[in-house]
Structures are given as C-alpha cells and as structure tokens.
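Visitor: Chains as they are written, first to last, in this note's numbering: chain A, 38 to 321; chain B, 277 to 565. Pasting a structure below so you can have a look.
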Amino acid sequence: MEKKPNSSIDYLLLVPGVGFIVLFIGSSIFITITQSFGILSVTGKSQFTAANWIAIFHDKESLDSILFSLKMGLMSSIGTLLFAFPVALFLRKGGAGKRFLASLIKIPLFIPALVAAFLIINLISYHGIVNEGLLALGIIKKPLRMLNDKFGWGVVAIQIWKNMPFVLLILSSSLASIRDDTIDAARNLGAGTFSVLFKIFVPLAMPGILVSMILMFIKAFGDFAIMSVAGPTYPPSIALKMRNTATLFQEWDKAAVLGVIIILTTILITWIYSRLAEFVTGGK
Amino acid sequence: MSAIRQISPWYLRQARRRRNFTTMLTAFFIIVQVLWIGVPIFMAVLWSLVDPNHPWSYPNILPSVLSWGQWSYVFKYTNIIRALKTSYTLAPCAVLLSFVLSLPTAYVLGRKQIPGKKFFQTVVLLPIIMPGMVVALFLSRVFTAFGLAQNFFGLVLAHTLMGLPYMIRVLTTSFEAIPQDIIDAAENLGANTFVKIKDIFLPMVRPGLLAGMVFAFTTSIEEFNLTFVIGTPTFETIPTILYSFLGYNFIRTNASVVALIMMIPNIIMLFVVEHFLKSDYLSASLGKL
C-alpha cells in the first residue's frame with residue numbers, strides 16, 4: 038500500500054465507478070420510495086399519501102405473492118446449499134479428474150437464467166425425461182406436475198441448477214481455509230465421518246454457508262424471469278406482481294410500494310445475516 | 277495378486293481400499309455431474325434439431341426425423357438476426373464504458389488506504405445485490421424523464437451499470453496483487469505517473485482486465501430485466517426474444533434454437549477464462565462477496 042496521504046485525489050478517482058453506481062441505483066431507490074408515498078407520482082396528482090401502502094396490505098393477492106416469494110427464497114437457498122455442500126466437500130482436495138470436473142460444474146454459471154429455465158423446463162415438463170424416467174422405473178403411477186405448479190417446485194429446481202456453481206465457489210473458498218491438521222487431529226481423537234462433518238466442516242464453513250444462503254435468498258426472492266416462466270399462475274411472485282401492477286395496470290404508486298417491500302426485505306435479510314455472522318465468528 | 281495381498285500388511289491394504297473408494301467416488305461424482313450438465317444441454321440440442329414436418333410428441337422416446345429446419349425457420353421468420361446485432365453491439369460498448377469508468381476506481385480500491393474503503397467496496401456490489409426488477413422499473417422512470425428510455429445510449433448505460441461490479445472487483449484484485457517493490461523501483465529510476473501507468477499498471481492488470489471484460493460482456497449478453505423494461509419494444513436482445521418464446525407463445529423448438537444461440541458463446545468464454553488465465557478469477561469476482 039502506498040502511504041502518501043493524498044486522499045482528496047483518491048476520492049476524486051472513485052467518482053467514475055462508485056459515482057456511476059450511486060447515481061443510477063440511488064436514483065432508482067429514491068424514486069421507488071417517493072413514489073410509494075405518492076410524491077413525484079406520474080399517475081394521479083403528486084402529494085403525500087399512505088393510501089397505497091394501506092391498499093397493498095389489504096390486497097390478498099399482494100400478501101400471497103409476498104409470502105410465496107419468501108417461500109421461494111428460502112426453498113431455493115436451502116436447496117442449493119444441500120446440493121452444493123457435498124460437491125464442495127468432494128472438490129476440497131484435488132485428485133484424478135477433479136480439475137475437469139471443477140470446470141464442468143461451473144458451466145451453469147455462464148448460462149443465462151432464462152436459458153437455464155428453458156433447459157430445466159424441458160426435463161421436468163409433463164412428459165419430460167424426469168417424469169418418463171420415474172414412470173419407467175415404476176416409482177410414480179402418473180406424471181408429476183412440476184411446472185407452473187402451485188408449490189413452485191419448478192422454480193426451485195431451476196434456481197438450484199442455475200446457482201449451484203455460484204454457491205459452490207463461495208463454499209469452496211471457505212472450505213479451502215480449513216487446515217488438514219484440524220481434521221487429522223479430530224480423527225486421531227476418534228471422530229467418525231459424521232462428527233468430522235458436523236463438528237468441523239459445517240461450523241468452520243459457517244460464514245461461507247451464511248453468505249451463500251443470503252445471496253441465494255435475495256436472488257430468488259426478487260427474481261422476475263424464472264418465476265414468470267416456471268412459477269404458478271397464482272400467486273405471482275412479488276417482482277412479477279410489481280411489474281404487472283406498473284406496466285399492465287399503470288398503477289405505478291402501488292408498484293412502488295411492492296418495490297420498497299422487496300428492497301426492505303433484502304436489507305433486513307442482509308442485516309440479520311451480518312448479526313448471525315458476528316454471532317458465528319464470535320463478534321470479530 | 278492374491279498372494280501379494282495376503283502377505284502385504286493391513287495398513288497397505290487399507291490404503292489401497294481407501295484409494296479404490298476415492299476413485300469410485302470420483303467416478304460417481306463425474307458421472308452425476310456429466311448427467312447434471314449434459315442431459316439438459318443434450319435435450320435442448322435435440323429439440324432444436326426436430327424436423328418441422330415430423331413433430332416429436334409423447335410416445336416417441338426420440339424424435340423420428342432430425343434436420344436443420346428449425347434453425348433456418350428461426351433465422352428466416354423471427355427477429356433473431358436483429359436481436360443478435362443489438363446484443364453484440366451493445367455488449368462491446370458497455371464493456372468499453374465500464375472499463376474506462378472502473379480503472380481509476382479499482383486503482384484506488386486496490387492500492388490506496390482511504391477511510392471508508394469497506395463502505396465503497398460494498399456500494400460497488402449494489403447492482404448485483406439489488407433486486408433487478410425494482411431497479412429496472414424505477415430506473416426506467418428516471419430514464420424516461422431524461423429521454424434515455426427506448427434509446428440505445430440508455431441501454432448502454434444500463435448494461436454498463438450491471439457490468440461495473442464485476443469489472444471493478446476483478447481489477448481491484450489485480451491492482452492489489454502488484455508488488456509495491458516494483459513501483460518503488462520504478463519511482464527510484466525516475467518513472468513519472470504516465471510511465472508507471474503504461475509500463476507497470478496496465479501490463480500487470482492485463483489478465484484481470486481480460487477476466488473483467490469477459491464477465492462484463494457475458495453480463496451484458498444475458499441482461500434481461502433492464503433491457504426488457506427500458507428497451508422493448510424498440511430494441512430486442514437475445515434474452516428478450518427468448519422470453520417472448522417462453523412466455524405467451526411457448527414454441528419449444530424455436531426457444532431451443534434461441535437458447536443454444538445464446539448459450540454456446542458463453543460456454544466458450546467460460547473455457548477461455550478457465551484455460552488462459554492462471555489464477556482463479558471466478559472466485560476473485562464472486563467468491564469473496
């Protein structure tokens with residue numbers, strides 16, 4: 038690090054990158070908040086009102102879509118973690134064929150979300166390969182409905198497939214910092230595979246687990262494209278509901294309320310995460 | 277062989293067993309992964325090759341006739357060529373702009389010790405963290421007010437916004453990795469700021485720059501929310517075309533052609549990043565969030 042105190046120029050150099058982001062993200066957040074209270078409104082007259090907030094909280098569809106999006110966020114983060122953790126453990130030590138495997142696994146990271154959605158739709162559709170396979174094996178009697186289903190299994194499946202490598206990368210970097218000595222010591226003291234897994238790997242990788250879960254939750258909670266392609270017809274996801282309210286019904290003020298709810302949830306979850314991370318790492 | 281096994285001590289046998297077990301486990305994981313990645317892509321390829329006159333429907337395990345008919349149909353009767361042109365002119369513009377904007381910022385974040393650095397590093401991540409549709413919808417209000425909606429320059433700005441976090445993060449890591457000795461030595465030998473930039477900083481961040489450009493480029497190619505709200509119907513990119521095929525009029529064969537058109541360049545770029553760059557830039561840009 039250079040030590041010369043020259044910080045006014047340094048801050049000036051930050052402006053192109055940080056300033057650009059602050060200008061665009063900041064202005065969009067600002068407009069969302071003001072518009073949710075009827076200020077700077079496009080439709081109707083521009084004056085302070087809480088009517089939109091009250092209307093949203095009395096609208097059953099809005100509440101349902103908030104709950105549904107929360108559920109999808111939670112399911113996707115847990116699901117992706119369950120799939121990625123064993124693979125991350127397996128890839129922790131290098132070995133025959135693992136380099137190839139590691140780059141193969143990363144492919145979905147570079148596949149756009151909509152394409153991923155399409156690829157998985159092909160597999161889980163009514164007469165898709167998954168249903169036909171299960172039928173042929175005699176596990177199910179008639180095809181399962183996994184696409185646009187009421188629970189949202191299709192959405193969860195797409196989120197898991199698309200974001201597995203993303204979570205894997207985060208988990209791998211936190212698993213890589215666990216020293217072999219720790220594991221050897223535990224084994225020496227008589228720890229079995231399960232004790233090593235739950236008393237060493239899981240606690241020591243906890244910061245990585247929390248980060249990946251939080252990022253997955255935020256992604257899946259505010260998602261528009263995957264939910265609108267594979268989600269149920271009712272309830273719509275909160276982002277889908279917001280977009281429809283804004284562009285189909287031209288009720289921008291109500292859409293802004295939904296937007297603020299999405300932003301607040303994201304902030305709340307991130308805050309809870311930072312408290313949890315403090316708790317886990319002992320307040321460091 | 278069995279004689280050897282009998283006379284070899286137990287710990288060697290155990291080691292061999294463990295080695296066999298590891299090999300089997302590796303094989304198992306590789307097979308599962310190949311299926312996990314391969315089957316979805318294979319199905320898409322298969323669907324794109326179904327002959328238009330011989331539809332592939334339920335009782336048939338495999339399509340009866342394969343042809344390039346769907347590909348020529350998509351190129352002839354949809355807006356795909358125009359969308360490809362839009363996507364592939366938009367992306368280089370966004371990459372160039374985000375490179376110019378992120379270079380000074382990444383330099384400060386990577387090499388200077390300033391108060392509030394952690395805060396700025398978090399702010400830089402906002403475009404990735406913020407829910408895309410909220411930003412898209414209400415940024416479109418701002419863009420409309422300034423005449424940037426339904427406008428090519430507006431789309432370039434939007435795509436730059438989404439690519440900047442990756443660019444800044446990767447370049448910051450590259451700047452951090454430059455040893456201070458080299459800079460000190462150059463200063464000792466009388467290098468001025470211009471020479472330092474030209475002969476030290478730019479050559480040493482070049483691998484990171486390549487990685488950042490690949491990230492910004494793929495981000496731009498797959499950007500959907502902002503393009504959908506700000507650009508359509510004047511501008512169509514490949515994702516918005518694919519969305520229209522997946523939405524109201526779901527035509528699986530057409531969608532599979534568009535999906536492949538969008539996917540193949542991205543996979544090639546992944547292997548470019550993996551094989552031409554030594555350090556792990558994927559985790560540099562994503563891992564340490």
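Ideal Cβ placement from N, Cα and C applies to all residues, glycine included. All of these numbers come straight from a predicted model, not from anything done at the bench.
Nearest to T354(B) by alpha carbon, out of I444(B), S343(B) and N530(B)?
Guide: N530(B)
Visitor: Report the residue from P541(B), T299(B) and S374(B) whose alpha carbon sits nearest the alpha carbon of V446(B).
Guide: S374(B)
Visitor: Which residues of chain B have a Cβ atom closer than 7 Å to the Cβ of V204(A), listed in chain order?
Guide: What V204(A) touches in chain B: nothing, since even the nearest Cβ is about 10 Å away.
Visitor: Using a Cβ cut-off of 7 Å, pull out every chain B residue sitting near S114(A), in sequence order please.
Guide: Chain order gives no chain B residues near S114(A), where near means a beta carbon separation below 7 Å; the closest approach is about 14 Å.
Visitor: Could you tell me the distance, in whole angstroms, from the CA atom of P202(A) to the CA atom of I142(A)?
Guide: Straight-line Cα distance between these residues: approximately 6 Å.
Visitor: Compute the Euclidean distance between the alpha carbons of F470(B) and F414(B), then round it to the nearest angstrom.
Guide: 41 Å
Visitor: G320(A) CB to nearest chain B CB: under 9 Å?
Guide: Bear in mind that the predicted position of G320(A) carries a pLDDT of just 49, short of 50, making it unreliable; the figure below should be weighed with that in mind. With 9 Å as the cut-off, G320(A) does not count as an interface residue toward chain B.
Visitor: At which residues does the alpha helix (DSSP H) containing R129(A) begin and terminate?
Guide: Taken as a continuous stretch (DSSP letters only), R129(A) belongs to no alpha helix (DSSP H), as it is neither H nor E.
Visitor: Which partner residues of V326(B) appear in the DSSP bridge assignment?
Guide: Looking at the DSSP assignment, V326(B) forms a beta bridge with L342(B).
Visitor: Take the Cβ of T230(A) as the centre, count every other Cβ of all protein chains shown within 10 Å, and call the residue buried at 16 or more, exposed below.
Guide: exposed
Visitor: So, for M279(A): in the same chain, excluding its five sequence neighbours on each side, which residues have a beta-carbon less than 8 Å away from its beta-carbon?
Guide: A292, L295, G296 and I299
Visitor: Determine, using beta carbons only, whether W286(B) comes closer than 9 Å to chain A.
Guide: It does not: the Cβ of W286(B) has no partner Cβ on chain A nearer than 9 Å.
Visitor: Specify whether the region 440–459 of chain B and the region 407–427 of chain B touch according to this definition: at least 3 beta carbon pairs, one from each stretch, less than 8 Å apart.
Guide: The region 440–459 of chain B vs the region 407–427 of chain B: no contact.
Visitor: Quick one: which chain B residues come within Cβ less than 7 Å of T69(A)?
Guide: V410 and F414
Visitor: CA-CA distance, W344(B) and D327(B)?
Guide: Cα-Cα distance, rounded: 7 Å.
Visitor: What does a CB cutoff of less than 6 Å around V167(A) pick up in its chain, not counting 5 residues either side in sequence?
Guide: L160 and I161
Visitor: Looking at chain A, is there any beta carbon in it that lies within less than 9 Å of the beta carbon of N486(B)?
Guide: For the sequence presented, residue 486(B) should be read as Leu rather than Asn. Taking Cβ atoms only, chain A never reaches closer than 9 Å to L486(B), which makes this a no.
Visitor: Is there a C-beta anywhere in chain B that falls below 9 Å from the one on N159(A)?
Guide: yes
Visitor: Using a C-beta to C-beta distance shorter than 8 Å, which residues of chain A count as neighbours of I227(B)?
Guide: Because chain B spans 277 through 565 in this model, residue 227(B) falls outside it and cannot be assessed.
Visitor: Would you say the region 108–119 of chain A touches the region 215–234 of chain A, given that touching needs at least three Cβ pairs under 8 Å?
Guide: no
Visitor: In the structure shown, what three-state DSSP assignment does W308(A) receive?
Guide: helix
Visitor: Can you give the Cα-Cα distance for D457(B) and S284(B), rounded to whole angstroms?
Guide: 55 Å
Visitor: Report, in whole angstroms, the separation of the C-beta atoms of V549(B) and V505(B), which I expect to be a contact under 8 Å.
Guide: Contact flag wrong, Cβ pair sits at about 30 Å.
Visitor: Using a C-beta to C-beta distance shorter than 8 Å, which residues of chain B count as neighbours of D47(A)?
Guide: V384, K388 and I390
Visitor: For a test of the three-state rule: what should DSSP assign to T362(B), helix, strand or coil?
Guide: helix
Visitor: For W90(A), which of helix, strand or coil comes out of DSSP?
Guide: helix
Visitor: Nearest by alpha-carbon distance to D460(B): which of T449(B), I476(B), S450(B) and T448(B) is it?
Guide: I476(B)
Visitor: Note down the Cα distance separating I115(A) from D96(A), rounded to an integer number of angstroms.
Guide: 29 Å
Visitor: Using only the alpha-carbon positions, how far apart do D221(A) and I215(A) sit?
Guide: 11 Å
Visitor: Can you list, in chain order, the residues of its chain with a C-beta nearer than 7 Å to that of W323(B)? Leave out the 5 residues immediately preceding and following it.
Guide: R528, T529 and S532
Visitor: Tell me whether E315(A) is buried or exposed, calling it buried when 16 or more other Cβ atoms sit within 10 Å of its Cβ.
Guide: exposed
Visitor: Mind listing the chain B neighbours of L156(A)? Cutoff is C-beta to C-beta under 8 Å, in chain order.
Guide: Contact note: L156(A) reaches chain B through P316, I317, M319, A320 and A535, using a C-beta cutoff of 8 Å and chain order.
Visitor: If I'm right that T381(B) touches L50(A) with Cβ under 8 Å, what's the distance once you round it to whole angstroms?
Guide: Sure, about 7 Å apart at Cβ, within 8 Å.
Visitor: A421(B) to S45(A), Cα distance in whole Å?
Guide: 33 Å
Visitor: Would L205(A) pass as a contact of A121(A) if the rule is Cβ separation under 9 Å?
Guide: Going by C-beta atoms, L205(A) is nearer than 9 Å to A121(A).
Visitor: Of the choices S363(B), W332(B), I317(B) and R289(B), whose alpha-carbon is the least far from that of F500(B)?
Guide: Here the closest residue by C-alpha is S363(B).
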